[in-house]
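Beneath this line is the structure, given in structure tokens, with notes to follow.
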Amino acid sequence: MLKNKLEGFFSWVRRMLKPPRKLKFTRLGTFVVLLTFGIGFAAMNTGNNLVYMVFGMMLGVITASGIISEMSLRGLEIDWILPGEITARKPASLRLILKNTKRKIPSLGILVQIPDPITNRAPTSPQKFLRAFFLFVPAAGQRSRDLAIRPDKRGEYVLPEIKIETQFPFGFFKKSLVAELNEALMVYPAHVPISSRIEANAAKQRDASHPNRGWGDNFWGLRDYAQGDNPRRIAWKSSAKRDRWITLETEKDLDRELMANLTPLSDWKKLSDDDLEEAVSFTATYLIKNFERGISVGISSENFYSAPSNQKKELSKILRYLAVFNPLEVAGGEQASEQRGSRS
């Protein structure tokens, strides 16, 4: 029993030392409070009932401001809709959803601020914030805002905390609530131009085929329809001319695969920061372009391996790896060898 009482007491002390709400005077609020104290002293010195009435009215306005702002802040919840992919040097938007869980009381004049960890800035420049203002959030309802971002570099970024603030109704105080967010955003490498020579080589590989029959796009020949042939391969014009079913045959396409090899890491470690970013961006862009052409893409490094695949989820895994790829932090090839063994 005593232990529970002590824990409750210490919990109360912690709440008092670090309250859930923070209160800050605005310039107008500072003036009004000083004026109120001045009128109060004047009322005590003069004993004038009218001055007492004005003093009481101003105290009531200050008290009402604190109560109404507290009612606006209570019962608010934050939710997000993140874009499927965020690419460096490309604009994107995060949808912020503010929910009011109070059943009967709306929230008014709410400002949401989030420290922006994505946009690069000089160390001496002031902290940049993502801001969204909500004039009115109905009871048991929600409102949303889109926050524009433009990441300068690839990587994993964490939004550490979120600040919900209001100056409603009179602007005397800034009452705010700070909550931990810890929302992680993965920014993929930037897309860079690919030279026409590399594009031509990729197109040549895409159109290559075996000199024998099989599944593909290039014409091979015509023959009579046989039981079990795919009806989609029927040559309708030739069938109409010959008055019998004719099947179209094609050349067999080559197995189109592309494997990116990031070894040896010693070569990557020699690159400057700018050259490293450009090299990673080129790798990601080249893999994406070939994937869009229907080529299976994969990647191999000393600590990561992904077999060639034409599945979107596998490409996402590759891009996530390239987003955080740093040759100086790669420990070794044990994980890669294990992954290769499990796939073989």
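With my numbering applied, the sequence shown covers 295 to 638. Beta carbons: idealized from backbone N, C-alpha and C, even for Gly.
Asked	Found
Considering only residues of the same chain and omitting the five flanking positions on each side of S594, which have a CB-CB separation below 6 Å?	N555
Per DSSP, Y451 forms a beta bridge with which residues?	L479
Just to confirm my understanding: we take K318, look at its own chain, exclude 5 residues before and 5 after, and list those with CB closer than 7 Å. What are they?	F467 and K468
Leaving out the 5 sequence neighbours to the left and right, which residues in its chain are closer than 8 Å to E450 when beta-carbon positions are compared?	A478, L479, M480, V481, A617 and V618
By DSSP, does R550 sit in helix, in strand, or in coil?	coil
Between the beta-carbon of V355 and the beta-carbon of V326, is there less than 9 Å?	yes
Can you tell me the Cα-Cα spacing of R645 and A386, whole angstroms?	For residue 645 there is no data in the structure shown, the boundaries of the chain being 295 and 638.
So for T577, helix, strand or coil by DSSP?	helix
Which whole runs of the alpha helix (DSSP H) in the region 354 to 408 are 4 residues long or more, in chain order?	none
Going by DSSP, which residues form a beta bridge with I540?	D518
Drop a sphere of 10 angstroms on the beta-carbon of W530, count the other beta-carbons inside from all chains shown, and report buried for 16 or more, exposed for fewer.	exposed
K457 by DSSP, collapsed to three states: which one?	strand
Are the beta-carbon atoms of S575 and P483 separated by less than 9 Å?	yes
So, under 8 Å CB-CB, S590 and E623 are touching, yes? Tell me the CB distance rounded to an integer number of Å.	With 8 Å as the limit, S590 and E623 do not qualify as a contact, their Cβ atoms being about 28 Å apart.
Can you check DSSP and say which residues form a bridge with F427?	L405
Give me the DSSP bridge partner(s) of Q436.	K393
Are the region 391 to 406 and the region 363 to 372 touching, with three or more C-beta to C-beta distances below 8 Å?	yes
Mind reading off the beta-carbon distance from R517 to E543? Whole number of angstroms is fine, and I expect it under 8 Å.	6 Å
Quick one: Cα of N620 to Cα of S610, how far?	18 Å
Identify the residues that DSSP records as bridge partners of R315: which are they?	L471
Hey, how far is the Cα of W509 from the Cα of I391?	Its pLDDT being 48, under 50, W509 is placed unreliably in this model, and the value from its coordinates should be taken loosely. Whole-angstrom Cα-Cα distance: 49 Å.
With 16 as the cutoff for other CB atoms within 10 Å, does I540 come out buried or exposed?	buried
Since I believe N604 is in contact with G592 (beta carbons under 8 Å), could you give me their beta-carbon distance rounded to a whole number of angstroms?	At roughly 10 Å, the Cβ-Cβ gap does not stay under 8 Å, so G592 and N604 are not in contact.
Suppose the cutoff is 7 Å on Cβ atoms and the five residues either side in sequence are ignored; what does the same chain contact list for A578 look like?	Y482, P483, L613 and L616
For V326, which beta-bridge partners are listed by DSSP?	Looking at the DSSP assignment, V326 forms no beta bridge with any residue, so it has no partner.
Mind reading off the beta-carbon distance from A426 to P400? Whole number of angstroms is fine, and I expect it under 8 Å.	The pair is not a contact, with the Cβ atoms about 17 Å apart (cut-off 8 Å).
By the 10 Å Cβ neighbour count, where 16 or more other Cβ atoms means buried, how is T340 classified, buried or exposed?	exposed
With DSSP as the reference, identify every bridge partner of Y615, one or two as the case may be.	Y615 is not bridged to any residue.
I'd like to know whether the C-beta atoms of I412 and I443 end up nearer to each other than 9 Å.	yes
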